[in-house]
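Its first residue numbered 1455, the sequence shown is counted upward by one per residue in this note's numbering. Glycine residues also receive a C-beta, built at the ideal position from the N, C-alpha and C atoms.
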Amino acid sequence: MIVCRGRDNLTAERSIEDLIRGFLHESFNSSFMYIISPWVTNFEFSRPFIHYPWFSSARVLDIIETIINKGVEVKVLTRCFDDALRFDVLDLAGKIVNRGSVDDEVKGFIKSQLEDLLGGIEAMLRLSEILGDNLLFDLGIGDLGRRLHTKLYINDKHALVGSANFTKSGIIDSSNWANWECLIAIKSSEAGYGELLNITKGYLNAARGFSECEGRFMNMLSRFRGLLPRAVGSVTDVIAVLEDLINTLS
């Protein structure tokens, strides 16, 4: 099955959101669920996700936590959040805050970029809480080599592979500005599934843990002192600074 979203959203009877919702539903009864996506956020489905008899929520990280509590092995592989750092945006944010007066459109753009960075970091911290060592990162080390670009979702029923990141813009957004995306669903009994599962395991084995990602993130920030309005010693400090900048730009 191929599900796409494109011009006027008329490319498939089912939406990408429907496909991902179905994947999560069947993962409750799978032995494992692996998510590989360069970007992962705590987005909300367009309508509540209800799985009887366990729970109801629209937030995907709540759903993942519930699947874990069901006893399913869940692993998530993504890029380290240092990949989302925009030093030009941080520099502009500081200058805008110091200047005080700036065009509202520019201010709005910078604020949205900071919110994206903040949301990504917060999602990783939340995933770290619920996944522990099963939250993994591509640090460009070992067999992964170059930056992670694969989007692959797999359990013991299906594999979904295509262009859609595990984010609102990848899965949910149906606006005229949304990305055009496609996902191909392959049943576990069909040709190609076994190879995709082997590829997934290879990716996961080559990945690194949260502490290494956090260390690289903080090291990168330390090399660009002065971009943030005050010193930071942890990811929690960075979140507080970003929140202050966003509030100042509001």
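Other residues of its chain near Y1607: CB distance less than 6 Å, five sequence neighbours each side excluded:
Within its own chain, the residues whose Cβ lies closer than 6 Å to the Cβ of Y1607, once the five positions on either side in sequence are excluded, are F1477, I1489 and L1614, listed in chain order.
Closest by C-alpha distance to R1601, when choosing among R1459, L1696, K1611 and W1493
The residue with the shortest Cα to Cα distance from R1601 is W1493.
Taking all protein chains shown into account, do 16 or more other C-beta atoms lie within 10 angstroms of the C-beta of G1574, making it buried, or fewer, making it exposed?
It counts as buried.
DSSP bridge partner residues for R1468 (one or two, in chain order)
In the DSSP assignment, no residue is bridged to R1468.
Could you check the C-alpha separation between S1642 and T1654 for me, to the nearest Å?
Near 14 Å, if we compare the C-alpha coordinates of T1654 and S1642.
Between the stretch 1580-1589 and the stretch 1515-1523, are three or more C-beta pairs nearer than 8 Å?
Judged by Cβ distances under 8 Å, the stretch 1580-1589 makes contact with the stretch 1515-1523, as three or more pairs qualify.
For R1662: DSSP bridge partner residues
Residue pairing of R1662 in beta bridges, as defined by DSSP: F1591.
Straight-line CA distance for F1497 to A1577?
If you take the alpha carbons of F1497 and A1577, they lie about 9 Å apart.
Quick one, which of E1668, A1618, V1528 and T1702 has its alpha-carbon nearest L1539's?
Nearest option by C-alpha distance: E1668.
Give the secondary structure of H1479 by DSSP, where H, G and I count as helix, E and B as strand, and everything else as coil.
If DSSP states are grouped into helix, strand and coil, H1479 belongs with the helices.
Looking at the strands, I want to know which residues DSSP matches up with F1509.
The partner list for F1509 (beta bridge, DSSP) reads H1505.
K1611 (DSSP reduced to helix, strand or coil):
Coil at K1611, not helix or strand.
Spatial neighbours of T1621 in its chain, beta-carbon cut-off 8 Å, leaving aside the 5 residues before and after:
Counting only residues of its own chain and dropping the five nearest sequence neighbours on each side, T1621 has a CB closer than 8 Å to the CB of S1491, W1493, V1494, T1495 and F1497.
Are D1536 and M1674 close, meaning C-beta to C-beta below 7 Å?
A contact, by the Cβ cut-off of 7 Å.
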